[in-house]
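Position one of the sequence shown corresponds to residue -10 (our numbering), numbered consecutively onward. Note that CB positions come from ideal geometry on N, CA and C, so glycine has one too. Take a look at the structure set out below.
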Amino acid sequence: MPVFTEETHPYEILIRFDEATGALKGAHQQRITVVKRDGAVIQAVIGEAAPVDLVDFGASGLMSEAMAAALAANANLQGQVAALTAERDGLAALASALTVERDALTAERDALAARVAAQDA
């Protein structure tokens, strides 16, 4: 039997500044409601624009949600950076080891070529 879920979360925020002074002039937000069946989106409806209280904007629930989402995304990206950095460092160490091995094999080849040349002379 299919599993249906419905989630509503921030979709967009528009902040307008006064063109003459640069002061915060107004803001509105839109939320999106997403309906999923077995995890696949089957419907997404963007809600009407609603004004945002500019007096308490920084402490608003909207900013808290946006900040939480941004922090979660940042943590995820930091984890990816750490994993990729470790992978890069491992590959650099492997490249260094292979360079040492190549140099040793090149020296051995050159020594063998010199012995062969000496025997032919």
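Check: What residue does the beta strand (DSSP E) around ALA33 start on, and which one ends it?
Finding: The residue given as residue 33 occupies position 44 in the sequence shown. Counting along the chain, the beta strand (DSSP E) containing ALA33 begins and ends at 29 to 35.
Next item on the list: Could you tell me the distance, in whole angstroms, from the CA atom of LYS14 to the CA atom of ASP7?
Entry: Working through the sequence shown from its first residue, we reach residue 14 at position 25. Working through the sequence shown from its first residue, we reach residue 7 at position 18. Between LYS14 and ASP7, the C-alpha separation is close to 5 Å.
Checklist line | GLU76, DSSP secondary structure in three states | finding: To locate residue 76, count along the sequence shown from 1; it is residue 87. Note: GLU76 maps to helix in three-state DSSP.
Check: Relative to the alpha-carbon of ALA39, which residue among ALA72, VAL24, MET(-10), GLU1 has its alpha-carbon at the smallest distance?
Finding: As a first step, residue 39 is located in the sequence shown; it is residue number 50 there, counting from the start. For ALA39, the closest of ALA72, VAL24, MET(-10), GLU1 by C-alpha to C-alpha distance is GLU1.
Notebook entry, point to check: The beta strand (DSSP E) with GLU8 in it runs from where to where?
Noted result: The sequence position of residue 8 within the sequence shown is 19, counting from 1. Run containing GLU8: none; DSSP gives neither H nor E here.
Checklist line | Which residues DSSP lists as bridging GLY15, in chain order | finding: For the purposes of this step, residue 15 is taken as residue 26 along the sequence shown, with counting starting at 1. Within the DSSP bridge table, the entry for GLY15 names ARG5 as partners.
Margin query: Could you compute how far the alpha carbon of MET(-10) sits from the alpha carbon of GLN32?
Written below: Working through the sequence shown from its first residue, we reach residue -10 at position 1. Working through the sequence shown from its first residue, we reach residue 32 at position 43. Answer to the nearest angstrom: the Cα atoms are 19 Å apart.
Next item on the list: Could you tell me if ALA16 is buried or exposed, where buried requires 16 or more neighbouring beta carbons within 10 angstroms of its beta carbon?
Entry: Translated into the one-based positions of the sequence shown, residue 16 becomes position 27. Buried: at least 16 other Cβ atoms inside 10 Å.
Check: Beta-carbon separation of GLU54 and PRO(-1) under 9 Å?
Finding: For the purposes of this step, residue 54 is taken as residue 65 along the sequence shown, with counting starting at 1. For the purposes of this step, residue -1 is taken as residue 10 along the sequence shown, with counting starting at 1. The answer is yes: Cβ separation under 9 Å.
Note to self: So, with DSSP's three-state summary, where would you put VAL89?
What the structure shows: Against the sequence shown, residue 89 aligns to sequence position 100. VAL89 falls in the helix class under three-state DSSP.
Next item on the list: Could you tell me whether the Cβ of LEU43 comes closer than 9 Å to any Cβ of chain C?
Entry: Protein chains in the displayed structure number just one, and chain C is not present.
Notebook entry, point to check: In terms of DSSP beta bridges, what is ARG20 paired with?
Noted result: Looking up residue 20 in the sequence shown gives position 31. DSSP output for ARG20 lists PRO(-1) as bridge partner(s).
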